[in-house]
Each structure stands twice: as C-alpha cells, then as structure tokens.
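Novice:
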Amino acid sequence: MTEPFDDASYPLYTMSTAASLLGVQPGFLRSLGDSGLLRPARSGGGHRRYSRDDLARAARAREVVDLGMTLAAACRIVQLEFEVTRLHLELAHAHAVISELRRHLQA
DNA sequence: ATTCTTACA
DNA sequence: TGTAAGTA
5 MTEPFDDASY
15 PLYTMSTAAS
25 LLGVQPGFLR
35 SLGDSGLLRP
45 ARSGGGHRRY
55 SRDDLARAAR
65 AREVVDLGMT
75 LAAACRIVQL
85 EFEVTRLHLE
95 LAHAHAVISE
105 LRRHLQA
C-alpha cells in the first residue's frame with residue numbers, strides 16, 4: 005500500500021500546533037474551514053488535522069485579512085491565488101511535454 | 001491534566 | 001456565548 009498523502013498534504017498538525025505556528029487563534033482556523041478555503045483532515049475522534057498545504061493557505065489568508073479584506077473576500081482571493089499558481093505549474097508541464105514531443109517528431 | 005470538537009440552550 | 005460530554 006502506498007501512502008495516500010505526500011509531504012505537503014499529510015495531515016500532521018493539531019489545532020493548537022497549527023494556530024501557534026501561524027500566530028492565529030484556533031477560531032480563525034475553524035472559520036477558514038467554514039468558509040470553504042480549508043478542508044482539514046479529521047482524526048478518528050473528529051479533531052482537525054492540518055497539512056502543510058492547509059497551513060500555507062491559512063498563512064496567506066491571514067495576510068490578506070490583515071490587508072483589510074473581510075474573511076469571505078480573503079478566502080476567495082486565496083483560493084484563486086492558489087488556483088492560478090497550480091494552473092501555471094500545469095501549463096509549464098504541458099509546454100515541457102509539447103517540447104519533448106516535437107523533438108521526437110523531428111528526429 | 002489539558003485541549004479540541006460538536007451539540008444545544 | 002456558554003455549558004456539557006466525549007476525544008486526543
């Protein structure tokens with residue numbers, strides 16, 4: 005059986021650990037879940053377990069809230085920011101694949 | 001022993 | 001907001 009999670013998405017951090025790492029209140033982390041930005045894993049007893057991906061999004065959300073956005077706006081912005089980043093990576097990969105195919109075709 | 005979560009009032 | 005009961 006291979007691990008269902010990679011390093012970045014492995015649910016390691018408890019609520020208190022995640023909150024102190026980010027310098028935020030536990031309630032803030034919960035509200036990010038309520039707003040749909042985060043979907044932290046759950047322990048057997050229902051406690052949230054945050055991955056490094058979750059922490060990265062939460063840290064960015066805190067920055068955007070500190071910029072003066074409402075929580076809902078910040079969550080939307082962060083979600084879109086991360087989606088754009090993912091799309092950039094996907095596009096770069098697609099370009100690499102195309103280049104490789106061209107090399108094969110003209111060989 | 002303390003923290004975390006949900007439910008409910 | 002606060003309390004209660006069950007987790008981790």
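Taking my numbering, the leading residue of the first sequence gets 5, the next gets one more, and so forth.
Think of the CB as a built atom: it goes at the ideal place given N, C-alpha and C, for glycine as much as any other residue.
#1: Just to confirm, is the Cβ distance from residue 56 to residue 44 under 8 Å?
#2: Mapping the DSSP letters down to three states, classify residue 46 as helix, strand or coil.
#3: Between the C-alpha atoms of residue 62 and residue 17, what's the straight-line distance to the nearest angstrom?
#4: Around the Cβ of residue 111, are there at least 16 other Cβ atoms within 10 angstroms (buried) or fewer (exposed)?
#5: Assuming residue 30 contacts residue 19 under a Cβ cut-off of 8 Å, what Cβ separation, rounded to an integer in Å, is found between them?
#6: Kindly give me the distance between the Cβ atoms of residue 68 and residue 82, rounded to whole angstroms, as I take these residues to be in contact under 8 Å.
#7: Tell me whether residue 95 is buried or exposed, calling it buried when 16 or more other Cβ atoms sit within 10 Å of its Cβ.
#8: Going by DSSP, name the residue or residues bridged to residue 52.
#9: Between which two residues does the alpha helix (DSSP H) harbouring residue 96 extend?
Specialist: Checking against the coordinates, here is how it stands:
#1: no
#2: strand
#3: Rounded to the nearest angstrom, the two C-alpha atoms are 13 Å apart.
#4: exposed
#5: 5 Å
#6: Between residue 82 and residue 68 the Cβ distance is about 6 Å, and since that is below 8 Å, they are a contact.
#7: exposed
#8: 46
#9: 75 to 109
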